[in-house]
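Just add 10 to the spot in the sequence shown (first one is 1) and you have the working numbering.
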Amino acid sequence: MALELYHLDHSTCSQKVRICLAEKGVDWVSRPVDFAVRENLSPEYLAINPNGVVPAFMHDGTAIIESTVMCEYLEEVWPDEPRLSPSDPKKRANMRAWLRFIDEVPSMAVRVPSFQNVFLDRFKAMSAEEYAAFRDSNPLRRDFFMRMNHTGFSDDEYGNAMLQLRATVGRMEEALTEEGPWLIGSQFTVADICVAPLFERMDELGLSDMWCDAPAVADWFARIKARSSFQTAFYPGSRLRDVYPELLEKASV
């Protein structure tokens, strides 16, 4: 049975899975999830992904969720070249440590400027009751939207997110300088794939100055963007600015 990908065009988690699919050369069937009509919270979709988020796979009748897990699943089910994880156990452990860090730090941090820049005006236009109903509609995201509120994140929380993103750039610069040209040395791996969409998002948000003084990171990102898999995953209409053009205006201020 063909692999089905339930995804959202401009979701960073969907983007990294699409990069991985392109790198592995795996054929897949697109199943877009329409968040505008809360399709992600429909009983049909929740039966696939009870977290109500994207992406998700359906493969041979089995649901596979969590984007990083999905990338590793592709590597295990399609083990042929190109390999996207090291054969050496120590290097593979290093890759998994990077994956844990990427999921817990920059993936979480980049959501703060993303939502602040794109959705804040919409949330401010809501009444307190309307926002509360929206906030409570997805229990797994309730804490995030409680912290954002319909007036935006606090200066402390926004500043902390910026610090986490800068720390990510610094950690990557050190690894790429010492080991390069990829995060796990000479091999392009799932770790590179999983962090790449976050840099594309930061670039869209006008945060590319974070790697102005990180030449190894800047070179790494340029090489990532030149890969055909990146270009396949970021098709027209798949960037945040394609969906929310007002983001460009805010990023240029």
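The beta-carbon is built from N, C-alpha and C at its ideal position, and this holds for glycine as well.
Asked, Found
"For leucine 150, which residues in the same chain have their Cβ closer than 8 angstroms to its Cβ, ignoring the five residues on either side in sequence?", "Asn61, Gly62, Val63"
"So what does leucine 15 bridge to, in DSSP terms?", "Ser40, Phe67"
"Could you check if tyrosine 245 is buried or exposed, using at least 16 other CB atoms within 10 Å of its CB as the buried criterion?", "exposed"
"What residue range is occupied by the uninterrupted beta strand (DSSP E) comprising isoleucine 75?", "72-75"
"Taking just the CA atoms, how far does methionine 212 sit from lysine 34?", "26 angstroms"
"Give every residue of the same chain whose Cβ lies closer than 7 angstroms to the Cβ of glycine 247, excluding the five residues on either side of it in the sequence, and list them in chain order.", "Asp19"
"Out of Glu256, Asp166, Gly190, state which residue places its alpha-carbon closest to the alpha-carbon of phenylalanine 231.", "Gly190"
"Thinking just about the alpha-carbon of each residue, which of Glu85, Asp90, Arg181 is nearest to the one in valine 115?", "Arg181"
"Between which two residues does the alpha helix (DSSP H) holding leucine 250 run?", "250-253"
"Hey, proline 53 and histidine 17: beta-carbon distance below 8 angstroms or not?", "no"
"In terms of residue numbering, what span does the alpha helix (DSSP H) encompassing methionine 182 cover?", "165-188"
"With distances taken Cα to Cα, identify the nearest neighbour of leucine 173 among Asn59, Gln197, Trp221.", "Trp221"
"DSSP puts isoleucine 194 in a beta bridge; with which residues?", "Gln197"
"Put tryptophan 88 into one of helix, strand or coil per three-state DSSP.", "coil"
"Compare the Cα-Cα distances from lysine 101 to each of Leu15, Thr242, Phe198, Ala226 and report the closest residue.", "Phe198"
"Report the three-state DSSP secondary structure of arginine 211 (helix, strand or coil).", "helix"
"Report the three-state DSSP secondary structure of methionine 158 (helix, strand or coil).", "helix"
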